[in-house]
Structures are given as C-alpha cells and as structure tokens.
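Top line first, the protein sequences correspond to chains A and B. With my numbering applied, the first sequence corresponds to residues 1 to 384, in that order. With my numbering applied, the second sequence corresponds to residues 385 to 543, in that order. Cβ coordinates follow ideal geometry from the N, Cα and C atoms, glycine included. Just so you know, these numbers come straight off a predicted model, no measurement behind them.
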Amino acid sequence: MGYVAIKGGGRAIAGTEAALESLRCAEGEAGTPLSLDAIEQQLRLLTSRVVSEGGLYHPRLAALAIKQMQGDTLEAAFALRAYRSTKPRLLDLPLQETGPMRLIRRISSAFKDIPGGQMLGPTTDYALRLMRLDLADESPEAFRAVSRRFLDGVDEATLPDSFPKVVDALRHEGLLLPLERNATTAFDITRDPLVFPVPRSAALATMARAETGSLLAIAYSNMRGYGDVHPTIAELRVGYLPVMLPHPVSGEPVEIGEVLITECEVVAMYEAQEDASVEGDGTENQTSPPTFTLGYGACFGHNETKAISMAILDRALQKGMRDGPSNPSEDPEFVLLHIDGVDSMGFASHYKMPHYVTFQSDMDRLRTTRDKATAAPKPQGDSA
Amino acid sequence: MNHAYEIPARGQWLRLWSALSARPLKVLAEGLAERYAAEDLTLPQSGLGLLPLCDSALGDTYYLGELPLAQAHVRLHTEDGQTVEGAATLMDDRAGLARALAILDGVLAARLPGHDQAAQLLAEGAAVVAEQTRQRQALLAATRVDFSLLGSAGEDDDE
Numbered sequence: 001m002g003y004v005a006i007k008g009g010g011r012a013i014a015g016t017e018a019a020l021e022s023l024r025c026a027e028g029e030a031g032t033p034l035s036l037d038a039i040e041q042q043l044r045l046l047t048s049r050v051v052s053e054g055g056l057y058h059p060r061l062a063a064l065a066i067k068q069m070q071g072d073t074l075e076a077a078f079a080l081r082a083y084r085s086t087k088p089r090l091l092d093l094p095l096q097e098t099g100p101m102r103l104i105r106r107i108s109s110a111f112k113d114i115p116g117g118q119m120l121g122p123t124t125d126y127a128l129r130l131m132r133l134d135l136a137d138e139s140p141e142a143f144r145a146v147s148r149r150f151l152d153g154v155d156e157a158t159l160p161d162s163f164p165k166v167v168d169a170l171r172h173e174g175l176l177l178p179l180e181r182n183a184t185t186a187f188d189i190t191r192d193p194l195v196f197p198v199p200r201s202a203a204l205a206t207m208a209r210a211e212t213g214s215l216l217a218i219a220y221s222n223m224r225g226y227g228d229v230h231p232t233i234a235e236l237r238v239g240y241l242p243v244m245l246p247h248p249v250s251g252e253p254v255e256i257g258e259v260l261i262t263e264c265e266v267v268a269m270y271e272a273q274e275d276a277s278v279e280g281d282g283t284e285n286q287t288s289p290p291t292f293t294l295g296y297g298a299c300f301g302h303n304e305t306k307a308i309s310m311a312i313l314d315r316a317l318q319k320g321m322r323d324g325p326s327n328p329s330e331d332p333e334f335v336l337l338h339i340d341g342v343d344s345m346g347f348a349s350h351y352k353m354p355h356y357v358t359f360q361s362d363m364d365r366l367r368t369t370r371d372k373a374t375a376a377p378k379p380q381g382d383s384a
Numbered sequence: 385m386n387h388a389y390e391i392p393a394r395g396q397w398l399r400l401w402s403a404l405s406a407r408p409l410k411v412l413a414e415g416l417a418e419r420y421a422a423e424d425l426t427l428p429q430s431g432l433g434l435l436p437l438c439d440s441a442l443g444d445t446y447y448l449g450e451l452p453l454a455q456a457h458v459r460l461h462t463e464d465g466q467t468v469e470g471a472a473t474l475m476d477d478r479a480g481l482a483r484a485l486a487i488l489d490g491v492l493a494a495r496l497p498g499h500d501q502a503a504q505l506l507a508e509g510a511a512v513v514a515e516q517t518r519q520r521q522a523l524l525a526a527t528r529v530d531f532s533l534l535g536s537a538g539e540d541d542d543e
C-alpha cells in the first residue's frame with residue numbers, strides 16, 4: 001500500500017471496531033438483535049440486492065453481511081465477495097435453462113395476452129407511494145396474521161410449474177431471429193481480468209453482479225437521450241430456478257437446490273439482417289426481412305430495476321460492439337469498468353486512507369512552483 | 385415394505401430432504417452410517433460452484449454467479465458383503481449434511497433395511513415443499529391480470 005506510509009494507530013483502529021459495534025447496539029436494554037431470518041424475509045429486496053451484487057447466491061450470509069455492515073449494501077456485497085474468495089471452487093455446474101423457473105411473477109408490457117397469462121405477483125408497480133403509518137407500530141399478532149389471511153383469501157389454483165416465454169412466441173412468428181445456442185465457453189470474470197474487447201458473456205456476467213445504481217444510471221442515460229434502444233419489455237420474470245446436476249452414481253438429473261432470479265428480455269428497434277449469402281453477381285449482400293432486436297438481463301434475487309437496466313445496456317453494448325460506440329452506454333469499456341460496486345466503492349473509499357506522503361509531495365511541488373514564479377525576473381517592458 | 389407414500393424419482397430426493405431441518409436427517413444418517421460401515425469415496429467438502437445460464441435472447445452462455453455447494457460420495461457395506469454407493473451435492477455450506485444425505489441416498493436407492501425411515505423423511509419434506517408451492521401459486525393466482533384496452537371492452541372495472 002504505497003499510499004499508506006504510516007505506522008501506529010493500532011489502538012485507535014481497534015477502537016473503531018468497538019465504536020462501530022456500540023452504535024449497532026445503541027438501543028441497549030431496550031433493543032432486540034436483528035435475526036437473520038428477519039433480515040432475509042422482511043428485508044428480502046435488500047438481501048436480493050446483496051446476493052446479486054456480491055455475485056454469490058447465499059441469502060443467509062447476505063443477511064449476516066447486512067447486519068454486520070449495518071445496512072451498507074456496498075460493504076455487505078464486499079463482505080460476501082471476501083467470503084467467496086476463501087472458498088474453493090468445487091465444480092462448474094452444467095448449463096442451466098431458465099425455462100423451468102418456478103415463477104412468482106411474470107409480466108409483459110409488449111402484449112396484454114401472453115401464453116399462460118400475466119401474473120403481477122408481489123410488486124409495488126401499481127401501489128400509491130403513501131406511507132403506511134400502521135407499520136410504525138405493528139403488533140406481533142397483526143404481523144403473524146397477514147400471511148395466513150392472504151393464503152386463506154386466495155382460491156386454490158392449480159397452476160403449471162413453469163410458463164412459456166414470450167420471446168418464443170415472437171420467434172414462432174418470425175419477428176425475432178431463431179435462437180442459436182452459442183457453445184463457446186463463457187468468460188469467467190472471477191478468474192480472468194477484463195481485457196478489451198471482451199465477449200458478450202463477459203459483459204453479461206459483469207452486469208449480473210454490478211451495482212444496481214451504477215447500472216441504472218448508465219441505462220438511464222441511454223433511455224433519456226444518450227442512446228436509442230427504445231425498449232419494450234417482452235417479459236419480466238421473477239422466480240426460482242431449479243439447479244440441476246447429474247447424480248454422481250446414477251447419472252440422472254438431480255435438483256440440488258433453487259435460486260431466486262429476475263430475468264428480463266427487452267425488445268428493441270427492428271433492423272434488417274445481413275445475409276451471409278452473396279448475390280449472383282458476387283457483389284451485393286442480400287438482406288433478410290427485418291426483425292426486432294433483443295436485450296437480455298438477469299441477476300440473482302428479486303431485482304427488477306437491475307434486470308431491466310441490464311437488458312437495455314446489453315442491447316446498447318451489442319450495438320456498440322458491432323458498429324463502434326456512439327454514446328457512453330454503447331462503449332463496453334466505459335460501461336463494464338464503471339459498474340462494479342466493490343471496485344468503485346473501493347476506489348472512492350481509498351481516498352480516506354492517509355495520503356500524507358503523496359500530499360506532502362504535492363505541497364512541496366506547489367511551494368517550489370510558487371518560489372520559482374516569485375524569483376523569476378519580470379518580463380521586460382512590464383513597467384506597471 | 386408397503387409405503388403409504390410413493391417414493392419419488394431419485395432426482396427429487398435432495399430437494400425434499402433439504403426442505404427439512406438438518407437434525408433429523410443427521411440423526412438417521414449417523415445410525416445408518418454405523419450400520420453399513422459408511423466409507424468416504426471422496427472427502428466431504430464445501431465450496432462454490434459457478435452457475436452458467438443460457439441467455440434466452442441470443443443463446444449465449446454466461447455465468448450468472450456462484451453458489452455454495454457441499455458434496456459427499458460414500459460407499460456402504462451390507463452385512464452380506466454387498467456394497468452400494470450414495471452421493472449428494474447440494475446448495476449448502478455444510479459438508480456434514482451432504483455426507484448425511486449421501487448415506488440416505490445410498491440406503492434408499494438400494495432399499496436397504498432402514499430405508500423406510502429415509503422415505504418417511506422424504507414424505508415430510510414433500511409436505512414442506514407442497515406448502516411452499518401452495519404459497520407461491522397463491523402469489524400468482526391472486527394477481528392474475530387480464531388487461532383490456534380502453535374502448536375495446538366494457539369499461540367497468542368488474543374483474
């Protein structure tokens with residue numbers, strides 16, 4: 001750490017830990033420690049954000065990190081990343097498809113009728129942003145009755161475990177290009193540095209664990225005018241993805257757990273597709289009928305704003321990678337190097353560390369420059 | 385033995401057992417481990433797995449992130465000299481739990497004596513999963529929406 005050319009301070013640094021801990025417990029006798037269950041369940045969107053930005057689907061540890069970091073999502077994601085760095089990689093799982101997701105929400109802003117129907121699920125999309133003052137003094141009895149009352153009020157329904165995808169219907173109509181599996185090995189951002197140009201798999205992985213606000217800010221720049229994606233949400237899905245692995249003995253697929261994810265496909269403006277074929281005179285490319293273009297976003301947890309932002313940026317980056325960037329949101333280097341919360345928070349936070357030597361050097365140079373300016377002879381003719 | 389509960393496919397066992405708390409699973413597995421002289425074929429361990437997804441827009445493979453994993457692989461020796469294998473990889477940090485489930489997996493797959501208790505735990509896990517499914521389906525059923533365009537239908541909000 002070249003910046004920290006200091007020693008000492010050990011007692012004070014230990015004191016900061018105690019001081020921080022004392023504020024966490026400042027309620028004293030009147031307080032009750034937060035349980036991890038309470039954080040995981042009642043602050044589920046906060047937990048979702050941390051598992052997503054930490055890049056590790058471990059809601060229990062995310063809840064612990066939130067408690068330990070006193071609600072700071074950046075520090076909580078940092079703690080989760082630090083934890084993961086201590087664990088061995090046991091295996092690369094086989095490729096998973098999101099089709100079998102067990103949904104709790106699916107909507108489309110492109111079509112009002114989608115195969116299987118739209119289900120709004122748990123959302124604040126249509127809610128008034130009015131303060132619910134009754135929550136300020138909620139009794140345990142009232143709290144416990146809510147879920148039971150909700151379930152009692154819902155008609156028993158037998159719904160399928162999973163639903164068809166809206167983009168598949170568009171493909172069936174020929175309005176999207178056919179889906180072609182790309183068997184290329186995906187880029188592992190946890191092992192390899194981003195050296196540009198990077199493949200799209202690196203961009204998707206980087207955005208999947210990006211800081212939500214950073215991703216939103218750059219996507220918003222595209223939406224507002226520094227870009228031209230003009231998205232329509234073909235489908236936004238929230239649900240539990242069963243993770244499958246072959247059984248080591250029998251080889252049959254085994255469900256080893258499930259992961260809550262949010263997935264979004266946006267339809268963007270259509271464009272003509274260049275055919276690889278060449279016309280008879282050998283000079284002109286044919287073009288296929290125009291089709292819509294797509295952007296894709298997905299992340300751990302229930303993070304809709306993040307998935308939508310990612311899908312918009314995916315589309316913008318596809319265009320930038322193909323034609324060269326015409327605005328910041330189409331520039332892979334600009335986007336992918338500035339959206340990681342742990343990286344950017346670390347850079348900002350490092351300015352708090354002692355820079356006594358480097359700043360002393362800055363002051364010395366300023367004094368020298370000023371001395372030189374004072375000692376320098378005045379230009380001739382300047383008699384004023 | 386005649387089970388009131390039909391044992392599901394092996395691919396679902398881990399999901400159902402994992403829906404229960406670890407304690408009854410470990411207690412049962414400890415007894416079975418002793419009875420069948422469980423031998424570790426690989427050291428039970430915990431770590432991470434990288435989750436690759438297929439992007440449903442363009443078909444690219446990418447990594448969504450990492451998961452906690454625990455895995456174990458055991459061999460069980462029966463009194464008549466036969467051996468059977470059981471294995472478990474689950475999304476969890478606890479290598480000990482993975483070993484317990486690997487033992488239950490081997491016992492139940494070979495229908496060794498004692499497998500009925502493992503099957504009973506499957507049934508209990510299935511009840512937990514069924515309740516979880518009911519809760520999730522309620523989220524969908526209560527919010528199914530049928531939007532209509534203005535002017536294309538009666539405009540009373542009589543859903």
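Sub-9 angstroms separation of residue i and residue j beta-carbons
{"i": "B/D354", "j": "A/T184", "result": "Only positions 385 to 543 of chain B appear in this structure, which leaves residue 354 of chain B out of reach."}
{"i": "A/F300", "j": "A/Y83", "result": "no"}
{"i": "A/M321", "j": "A/P328", "result": "no"}
{"i": "A/A234", "j": "A/L294", "result": "yes"}
{"i": "A/V154", "j": "B/A526", "result": "yes"}
{"i": "A/V243", "j": "A/L93", "result": "yes"}
{"i": "A/E268", "j": "A/V238", "result": "Per the sequence presented here, residue 268 of chain A reads as Ala, with Glu not at that position. Cβ distance not < 9 angstroms, so A/A268 and A/V238 don't count as in contact."}
{"i": "B/G509", "j": "B/A403", "result": "yes"}
{"i": "B/V468", "j": "B/L506", "result": "no"}
{"i": "A/Q96", "j": "B/V529", "result": "no"}
{"i": "A/E258", "j": "A/R102", "result": "yes"}
{"i": "B/I487", "j": "B/L442", "result": "no"}
{"i": "B/Q429", "j": "A/E255", "result": "no"}
Residue-chain proximity (residue i, chain B), Cβ-Cβ < 9 angstroms
{"i": "A/G121", "result": "yes"}
{"i": "A/N303", "result": "no"}
{"i": "A/R365", "result": "no"}
{"i": "A/K67", "result": "no"}
{"i": "A/V195", "result": "no"}
{"i": "A/Q318", "result": "yes"}
{"i": "A/Q118", "result": "yes"}
{"i": "A/N182", "result": "yes"}
{"i": "A/A276", "result": "Residue confidence is low: A/A276 scores 47 on pLDDT, short of 50, so the model does not pin down where it sits. No coordinate-derived value is stated."}
{"i": "A/M269", "result": "no"}
{"i": "A/C25", "result": "no"}
Residue(s) in a DSSP beta bridge with residue i
{"i": "A/I261", "result": "A/G239 and A/F300"}
{"i": "B/C438", "result": "B/T445"}
{"i": "A/P253", "result": "A/P246"}
{"i": "A/I107", "result": "A/L236"}
{"i": "A/D92", "result": "B/L434"}
{"i": "A/Y270", "result": "A/F292"}
{"i": "B/G470", "result": "B/V458"}
{"i": "B/P452", "result": "B/L432"}
{"i": "A/R102", "result": "A/Y240"}
Other residues of its chain near residue i: CB distance less than 6 angstroms, five sequence neighbours each side excluded
{"i": "A/S201", "result": "A186 and F187"}
{"i": "B/E423", "result": "R459"}
{"i": "A/R315", "result": "V229, A268 and G295"}
{"i": "A/S309", "result": "L215, L216 and A219"}
{"i": "A/C264", "result": "L236, G297, A307, I308 and A311"}
Sequence-distant residues of its chain with Cβ nearer than 7 angstroms to residue i (five each side left out)
{"i": "B/D439", "result": "Y446"}
{"i": "A/M69", "result": "E75, A76 and A79"}
{"i": "A/L61", "result": "L80 and Y83"}
Integer-rounded CB distance, given that residue j should sit under 8 angstroms from residue i
{"i": "A/L34", "j": "A/K67", "result": "5 angstroms"}
{"i": "B/H457", "j": "B/L409", "result": "So it is not a contact: roughly 17 angstroms between Cβ atoms."}
{"i": "A/L90", "j": "B/L432", "result": "6 angstroms"}
{"i": "A/D72", "j": "A/E211", "result": "Going by Cβ atoms, the distance from A/D72 to A/E211 rounds to 12 angstroms, so no, they are not a contact pair."}
{"i": "B/D477", "j": "B/A454", "result": "6 angstroms"}
{"i": "A/P290", "j": "A/Y270", "result": "5 angstroms"}
Within-9 angstroms CB hit, residue i to chain A
{"i": "B/V512", "result": "no"}
{"i": "B/Q519", "result": "yes"}
{"i": "B/R528", "result": "yes"}
{"i": "B/P452", "result": "yes"}
{"i": "B/H457", "result": "yes"}
{"i": "B/P497", "result": "no"}
{"i": "B/Y447", "result": "yes"}
{"i": "B/Q466", "result": "no"}
{"i": "B/R478", "result": "no"}
Neighbourhood of residue i by C-beta, 8 angstroms cutoff - its chain only, sequence neighbours within 5 removed
{"i": "B/I391", "result": "L492, A503 and L506"}
{"i": "A/P178", "result": "R171"}
- prompt: Of the residues that make up the stretch 90 to 116 of chain A, which ones have a beta carbon closer than 9 angstroms to any beta carbon in chain C?
  reply: Note that chain C does not occur in the displayed structure, where the protein chains are A and B.
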